[in-house]
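Notes follow the structure.
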Amino acid sequence: MVPFVRSGNPVLSVLDKGRWRAPEIAFWAFTVAVFFLFPDHLMLGAQVLITGLFALSLDLLVGYTGLVSLGHAAFFGVGAYAAGLLAQAGWGEPFSGLALAAAAAAVVGYASSHLIVRVHGIAMLMITMGVTILLHELANRLSWITGGDDGLQGVTMAPVLGLFGFDLFGRTAYLYALGVVFAMFCLARGLVNSPFGLSLRGIRENGRRMPAIGSPMRSRIRTVYTMSAALAGVAGALLAQTTEFVSLEVLSFQRSAEVLIILILGGTGRLYGALIGAAVFMVGRDLLASANPQYWFFWLGLMLVLVVMFARGGILGGLENLLRFVQRRRNAR
Amino acid sequence: MFESVLGVLFNGVAYGVLLFLMAGGLSVTMGMMGFVNLAHGAFAMLGGYLAVTLMGVAGWPFLVTLPAAFAATAAVSVVAERTLYRRLYRAGELDQVLFTIGLVFMSVAGATFVWGPSQQPVQMPPYLSGQVSLFGFEASAYRLFLIVVSGIVTAALVFGLEHTRFGAQVRAAVDNRRMAYGLGIDVNFVFTATFAVGSGLAGLGGALGINLIGLDPAFPIKNMVYFLLVVSVGGLGSIKGTLVAALLLGICDTAGKYYVPEAGAFTLYAVMVGVLLWRPAGLFGRR
Numbered sequence: 011m012v013p014f015v016r017s018g019n020p021v022l023s024v025l026d027k028g029r030w031r032a033p034e035i036a037f038w039a040f041t042v043a044v045f046f047l048f049p050d051h052l053m054l055g056a057q058v059l060i061t062g063l064f065a066l067s068l069d070l071l072v073g074y075t076g077l078v079s080l081g082h083a084a085f086f087g088v089g090a091y092a093a094g095l096l097a098q099a100g101w102g103e104p105f106s107g108l109a110l111a112a113a114a115a116a117v118v119g120y121a122s123s124h125l126i127v128r129v130h131g132i133a134m135l136m137i138t139m140g141v142t143i144l145l146h147e148l149a150n151r152l153s154w155i156t157g158g159d160d161g162l163q164g165v166t167m168a169p170v171l172g173l174f175g176f177d178l179f180g181r182t183a184y185l186y187a188l189g190v191v192f193a194m195f196c197l198a199r200g201l202v203n204s205p206f207g208l209s210l211r212g213i214r215e216n217g218r219r220m221p222a223i224g225s226p227m228r229s230r231i232r233t234v235y236t237m238s239a240a241l242a243g244v245a246g247a248l249l250a251q252t253t254e255f256v257s258l259e260v261l262s263f264q265r266s267a268e269v270l271i272i273l274i275l276g277g278t279g280r281l282y283g284a285l286i287g288a289a290v291f292m293v294g295r296d297l298l299a300s301a302n303p304q305y306w307f308f309w310l311g312l313m314l315v316l317v318v319m320f321a322r323g324g325i326l327g328g329l330e331n332l333l334r335f336v337q338r339r340r341n342a343r
Numbered sequence: 007m008f009e010s011v012l013g014v015l016f017n018g019v020a021y022g023v024l025l026f027l028m029a030g031g032l033s034v035t036m037g038m039m040g041f042v043n044l045a046h047g048a049f050a051m052l053g054g055y056l057a058v059t060l061m062g063v064a065g066w067p068f069l070v071t072l073p074a075a076f077a078a079t080a081a082v083s084v085v086a087e088r089t090l091y092r093r094l095y096r097a098g099e100l101d102q103v104l105f106t107i108g109l110v111f112m113s114v115a116g117a118t119f120v121w122g123p124s125q126q127p128v129q130m131p132p133y134l135s136g137q138v139s140l141f142g143f144e145a146s147a148y149r150l151f152l153i154v155v156s157g158i159v160t161a162a163l164v165f166g167l168e169h170t171r172f173g174a175q176v177r178a179a180v181d182n183r184r185m186a187y188g189l190g191i192d193v194n195f196v197f198t199a200t201f202a203v204g205s206g207l208a209g210l211g212g213a214l215g216i217n218l219i220g221l222d223p224a225f226p227i228k229n230m231v232y233f234l235l236v237v238s239v240g241g242l243g244s245i246k247g248t249l250v251a252a253l254l255l256g257i258c259d260t261a262g263k264y265y266v267p268e269a270g271a272f273t274l275y276a277v278m279v280g281v282l283l284w285r286p287a288g289l290f291g292r293r
């Protein structure tokens, strides 16, 4: 792996990061290979991809802009219900469901971004959490629309592109999710490697200085918040479409906390951290929780404690440190 | 059953002072060291389970288990602070959140393992059960007991903070840690002691609260949201702020559930979001 290129010119290093390198291509090739290697676990694979996209959307906020949100499930849930309700109403075409979900989530995201820009620190944590809990309560009260505790019934999807129907084994679900997630990933990747992405990093590093150099901090925050909400909405829609079901759980605080944990576990600020964290978390949960559901919590807790104490920066951060260490040993010889 | 506004107020105040007992320590800790301790609820849970075990297995009377819960939880917290928390004071907010969430998960699993997943049934002594006639309405004797105990604890806290040398050191450390250190105050000791008292109070609150809000292994997860609510609305580092916020939230929650039950938890979170937008640092926080 090529280590971080330290050239004197910051523009060059940004452009350099824009190039696709071998490990990235290998990663995506592997995701395609999973389709052939693990044909019995494709539904789990689709869920991993969906959670990865959800965590990716949060990474835009947490990793790149430095805003910690405990309420990202709000947008995930809005997207899920939007796509679910559309299908329930009879229009089962998948891509239009995604578009509607992204739009709905973006609207909610834009509205809440006006609250977010006014606060920081623990107040931001509490407000993001409060908005999600309020939305959850609202969905609960409007059970004649959302199905309440029973969940949304009658969500039937039409075949993707009119050709590939959703089947029990998750084959279509996996490839559909993979395609959408890859497309969204490319969008996010382009965003963070653009000048806009640089300004986000500026906000993260030193928010006070940004207006001083002429960068409108609040409007950038509102923009990235809206985009992040839209991506989360797409993830939620994917969940609704691949499982053909939506429950109140998509708006729960637990889901918000879980995705934040997944992101920090994988490593923030490095788009791939979101995907790897999701893979490790969900596969780990599948393996451990089926063995002993009570004590999955214990092992998860222990893993989190160990990651913070010994592997700062999550899995990818730990890997990077390891590589740097090996590099230094090699250079010293 | 409450028959009047007085009744709702009384029950709201009782819930509020319980929240204050449990969340007060968290506010001072977060204000002083800037350390986000989401595992605070686990200490409360520990106190509760300790009281239950002492009553059930050792046959101790309820009132005696209360100071025991305080002392034991304080001791455990000192150990935890020295070994684990101390390494993370310089870590970022995210790391602290992740770490303490990990501790919560481990404690929840541990509690499930030792005490089982269901609610702990607990028998209150007869002089604390039943109703007491007060100002024209029937008040629960236990809630009255709660209010009295919390009143004593609050008075002790305020006296300690305002009129003792140690209290002055605590206030100095919350105000400006570096300066306090520069003046020769042993900030590490102050913090450990404050952390111990705060966690001990949480344990006491946990023991007192079994009869009111129940006790099961999911206690830290269910109630952490309320503690954070109280702490953020009240303002970090402020005992007075935490008390006001706890009472406000206790009354709003009780009144909301009584007068507008369809709104559910709406009232509480709407009030919180409103207050935080008006004053992001909390009602008595420092800007």
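Same order as they appear, the protein sequences are chains G and A.
If you want the numbering used here, it's the position in the first sequence, counting the first as 1, plus 10.
If you want the numbering used here, it's the position in the second sequence, counting the first as 1, plus 6.
Glycine is no exception: its CB is placed at the ideal position from the N, C-alpha and C atoms.
Test item: CB-CB of residue i and residue j under 9 Å
i, j, result
"Met38 (chain A)", "Gly243 (chain A)", "yes"
"Cys258 (chain A)", "Leu234 (chain A)", "no"
"Leu134 (chain A)", "Phe16 (chain A)", "no"
"Leu44 (chain A)", "Thr106 (chain A)", "yes"
"Gly28 (chain G)", "Gly200 (chain G)", "yes"
"Tyr305 (chain G)", "Leu298 (chain G)", "yes"
"Gly256 (chain A)", "Gly22 (chain A)", "yes"
"Val19 (chain A)", "Ile227 (chain A)", "no"
"Thr200 (chain A)", "Gly31 (chain A)", "yes"
"Val231 (chain A)", "Phe85 (chain G)", "no"
Pick from the options that is closest to residue i, judged by C-alpha positions
i, options, result
"Gln163 (chain G)", "G:Arg128, G:Ala198 and G:Gly100", "G:Gly100"
"Ala245 (chain G)", "G:Tyr235, G:Gly28 and G:Ser67", "G:Ser67"
"Ala208 (chain A)", "A:Ser113, A:Trp66 and A:Gly47", "A:Gly47"
"Thr236 (chain G)", "G:Ser106, G:Gly89, G:Met53 and G:Arg151", "G:Gly89"
"Leu63 (chain G)", "G:Trp309, G:Ala198, G:Ser262 and G:Val293", "G:Ala198"
"Arg214 (chain G)", "G:Ser300, G:Arg151 and G:His130", "G:His130"
"Met130 (chain A)", "A:Arg285, A:Leu25, A:Thr35 and A:Gly62", "A:Gly62"
"Val315 (chain G)", "A:Phe197, A:Phe195 and A:Leu100", "A:Leu100"
"Ala93 (chain G)", "G:Ala242, G:Leu185, G:Gly294 and G:Leu248", "G:Leu248"
"Val190 (chain G)", "G:Gly277, G:Asn150 and G:Ala242", "G:Ala242"
"Val128 (chain A)", "A:Val138, A:Ile216 and A:Ala97", "A:Ile216"
"Phe192 (chain G)", "G:Trp38, G:Ile325, G:Ile272 and G:Arg219", "G:Trp38"
"Leu310 (chain G)", "G:Gly294, G:Arg181, G:Val78 and G:Ser106", "G:Gly294"
Sequence-distant residues of the same chain with beta carbon closer than 6 Å to residue i, five excluded per side
i, result
"Arg289 (chain G)", "The identity of residue 289 (chain G) in the sequence shown is Ala, whereas the question assumes Arg. The answer, listed in chain order, is Val58."
"Glu330 (chain G)", "none"
"Ser113 (chain A)", "Ala48"
"Ser209 (chain G)", "Ser225 and Arg230"
"Ile219 (chain A)", "none"
"Ser122 (chain G)", "Val141"
Residue i at chain G interface by Cβ criterion, 9 Å
i, result
"Glu99 (chain A)", "yes"
"Pro123 (chain A)", "yes"
"Met185 (chain A)", "no"
"Tyr275 (chain A)", "yes"
"Leu234 (chain A)", "yes"
Contacting residues, own chain, Cβ-Cβ under 7 Å from residue i (five flanking each side not counted)
i, result
"Met167 (chain G)", "Ala97, Gly102, Pro104, Phe176, Gln251 and Glu254"
"Gly217 (chain G)", "Met227"
"Ala240 (chain G)", "Ala112, Ala115, Ala116 and Gly119"
"Leu270 (chain G)", "Leu68 and Leu80"
"Tyr184 (chain G)", "Phe45, Leu52, Gly55 and Ala56"
"Ser146 (chain A)", "Gln137"
"Leu210 (chain A)", "Leu27, Gly53, Leu72, Ala75 and Phe76"
Same chain, Cβ closer than 8 Å to residue i, neighbours up to 5 away in sequence not counted
i, result
"Leu282 (chain A)", "Ser238, Val239 and Gly288"
"Ser33 (chain A)", "Val236, Val237, Gly240, Gly241, Leu242, Gly243, Ser244, Ile245, Gly247 and Thr248"
"Phe8 (chain A)", "For Phe8 (chain A), the predicted model reports a pLDDT of 46, less than 50, meaning its position is unreliable; a value from the coordinates is still stated below. Correct list, in chain order: Val14, Phe16, Asn17, Phe143 and Tyr264."
"Val193 (chain A)", "Ala179, Arg183, Ala186 and Tyr187"
beta-carbon residue i near the ligand COA non-hydrogen atom, thresh 8 Å
i, result
"Phe141 (chain A)", "The ligand COA is absent from the structure shown, which contains no ligand whatsoever."
Minimum Cβ-Cβ distance from residue i to chain A less than 9 Å
i, result
"Thr278 (chain G)", "yes"
"Phe308 (chain G)", "yes"
"Val141 (chain G)", "yes"
"Ile286 (chain G)", "no"
"Val244 (chain G)", "no"
"Val269 (chain G)", "no"
"Tyr305 (chain G)", "yes"
"Ile132 (chain G)", "yes"
Pull out every residue of the stretch 12 to 44 of chain A whose Cβ sits closer than 7 Å to any Cβ of chain G, in chain order.
-> Those would be none; no residue qualifies.
_Closer than 8 Å between beta carbons: that is the criterion. Which residues of the stretch 60 to 80 of chain G meet it against chain A?_
Val72 and Val78
* Asked: If contact means a Cβ-Cβ distance below 9 Å, which residues of the stretch 103 to 129 of chain G contact chain A?
  -> Leu125, Arg128 and Val129
Output, in sequence order along the chain, the residues in the stretch 252 to 266 of chain G whose CB is closer than 8 Å to any CB in chain A.
-> Phe263
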